[in-house]
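*Asks:*
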Amino acid sequence: MAADPTPNPHATAAQVEAAFSDPKLANVLYHDWEAGSYDEKWSISYDERCIDYATGRFKAVAGDQEWPYETAMELGSGTGFFLLNLMQGGVIKKGSVTDLSPGMVEVALRNARSLGLDVDGRVADAERIPYEDNSFDLVIGHAVLHHIPDIPAAFSEIQRVLKPGGRFVFAGEPTKIGDRYARKLGQATWWLTTNITKLGALSSWRRPQEELDESSRAAALEAVVDIHTFDPAELETQARAAGMVEVRAVTEEFAAALFGWPVRTFEAAVPREKLGFGWGMFAFKTWQRLSWLDERVLRKVLPRELFYNVLISGRKPN
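Counting with UniProt numbering, you get residues 1 to 318 for the letters of the sequence shown.
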């Protein structure tokens, strides 16, 4: 087996230019670029807060009757957020992380080691998964499908590597409508924050210009790596076309997304040390309350297409 490629966190200008016409290269460069700071950027942790979040997403679309799954693979694992927290939550016993970005696989394996979890990993293309047929009881992913150029090919590969009766669960995928308002909110917040912090009285809240410039370059690549948005019904159809059964998509986060996207963008635009524990608790508790509102009230009265995230699950026939 050939050795995995090494991370490349400092892409050249020529590589970045080439990436604008090559979504897979863009994914590698962008995620290698982000790997070292990704957990901090997205407030990812491996404690009760994110364990509850990950297991809650899983339970919302797939229930909890089959726990624990003996073997699971995460596609587009990033730093391991979904898999590692599901393992800590008792959903999975043994895990495999895969990602197109060598940098992300490296960080995910390091996180797994620090948590004492039984995890291996490979640099892998979701359209050509480097595992044998019938290898896993579960295939999962969080915020990955929208990065994959050929979704039908990926679903076919997922079906191939699942054991008969095995399940897939994907969460955190943007809906068509949700992505539209989230991007507008994020762009407006970035513009407002980076301009207001030019004022003398607020200059200490401004990140150094070179950091802002690098974030802007990363954001330009982000527009290339974010390939798809989804209609829940269409995503269900794609999974069924690959041979999956018991396919079900649900959506979440409307009020929570309207709050969360400006907050995340603001946090990325100011120095981290300016935002203390009090801010973090305010943001998290507010998001929790709005998520409760979404789940208990708004989901019952609003079309599922309006919510920001789509989650989907199904299984391979026995």
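Don't be surprised by glycine CBs; every beta carbon is placed ideally from N, CA and C.
Nothing here was measured: the structure is a model prediction, and the numbers come from that model.
Which parts of the segment 124-172 are runs of the alpha helix (DSSP H), unbroken and 4 residues or longer, counting only runs that do not cross its ends?
*Replies:* DSSP runs (the alpha helix (DSSP H)) wholly in the segment 124-172: 151-161.
*Asks:* Asn-318 by DSSP, collapsed to three states: which one?
*Replies:* Correct three-state label for Asn-318: coil.
*Asks:* Pull up the distance between the alpha-carbon of Lys-198 and that of Glu-211, whole angstroms please.
*Replies:* Cα to Cα, the separation comes out at about 14 Å.
*Asks:* Please tell me whether Ala-233 and Pro-152 are closer than 8 Å, where the distance is taken between their beta carbons.
*Replies:* Contact flag unset, no.
*Asks:* Please report the straight-line C-alpha distance between Gly-80 and Ala-124, rounded to a whole angstrom.
*Replies:* Taking the straight line from one Cα to the other gives about 14 Å.
*Asks:* When the Cα atoms are used, what is the spatial distance from Tyr-131 to Val-161?
*Replies:* Their Cα atoms are separated by approximately 7 Å.
*Asks:* Note down the Cα distance separating Asp-99 from Pro-271, rounded to an integer number of angstroms.
*Replies:* Distance between the alpha carbons of Asp-99 and Pro-271: 29 Å.
*Asks:* Can you look up Lys-300 in the DSSP assignment and give me helix, strand or coil?
*Replies:* Reduced to three states, the DSSP call for Lys-300 is helix.
*Asks:* Return the residue from the list Ser-114, Val-144, Asn-195, Ala-18 that minimises the CA-CA distance to Ser-101.
*Replies:* Selected option, being the one with the closest Cα: Val-144.
*Asks:* On the DSSP letters alone, give me the boundaries of the beta strand (DSSP E) that Arg-248 sits inside.
*Replies:* Where Arg-248 is concerned, the enclosing beta strand (DSSP E) stretches over 245-252.
*Asks:* Less than 8 Å between the beta carbons of Tyr-308 and Ala-182, yes or no?
*Replies:* In contact: Tyr-308 and Ala-182 (Cβ atoms closer than 8 Å).
*Asks:* On a CA-only basis, which of Arg-57, Met-104, Ala-72 is nearest residue 320? Give me that one, please.
*Replies:* Outside the shown range of the chain (1 to 318) lies residue 320, about which nothing can therefore be said.
*Asks:* If the criterion is Cβ atoms closer than 8 Å, does the pair Val-91 and Phe-58 meet it?
*Replies:* The answer is yes: Cβ separation under 8 Å.
*Asks:* Please state if the CB of Asp-137 and the CB of Tyr-69 are separated by a distance shorter than 8 Å.
*Replies:* Closer than 8 Å, so yes.
*Asks:* For the beta strand (DSSP E) that contains Ser-96, what are its first and last residues?
*Replies:* Its beta strand (DSSP E) spans residues 92-99.
*Asks:* Compute the Euclidean distance between the alpha carbons of Met-73 and Glu-252, then round it to the nearest angstrom.
*Replies:* Cα to Cα, the separation comes out at about 24 Å.
*Asks:* Which residues does DSSP pair with Ala-72 in a beta bridge?
*Replies:* In DSSP, Ala-72 forms a bridge with Gly-95, Leu-138.
*Asks:* Compute the Euclidean distance between the alpha carbons of Glu-157 and Ala-249, then round it to the nearest angstrom.
*Replies:* One C-alpha to the other measures close to 19 Å.
*Asks:* For Lys-316, does the count of other Cβ atoms within 10 angstroms reach 16, so buried, or fall short, so exposed?
*Replies:* Looking at its Cβ environment, which holds 16 or more other Cβ atoms inside 10 Å, Lys-316 is buried.
*Asks:* Consult DSSP for Leu-86 and reduce its assignment to one of helix, strand or coil.
*Replies:* Three-state result, Leu-86: helix.
*Asks:* For Phe-277 and Phe-284, I'd like the C-alpha separation in whole angstroms.
*Replies:* Their backbone Cα atoms lie some 11 Å apart in a straight line.
*Asks:* What whole-angstrom Cβ distance do Ile-44 and His-146 have, given they're in contact under 8 Å?
*Replies:* Actually they do not touch by this definition, with Cβ atoms about 18 Å apart.
*Asks:* Is the segment 286-296 close to the segment 201-217, with three or more CB pairs under 8 Å?
*Replies:* Segments in contact, no.
*Asks:* DSSP state of Ser-313, grouped into three classes?
*Replies:* Note: Ser-313 maps to strand in three-state DSSP.
*Asks:* Could you tell me if Gln-88 is buried or exposed, where buried requires 16 or more neighbouring beta carbons within 10 angstroms of its beta carbon?
*Replies:* So Gln-88 counts as buried.
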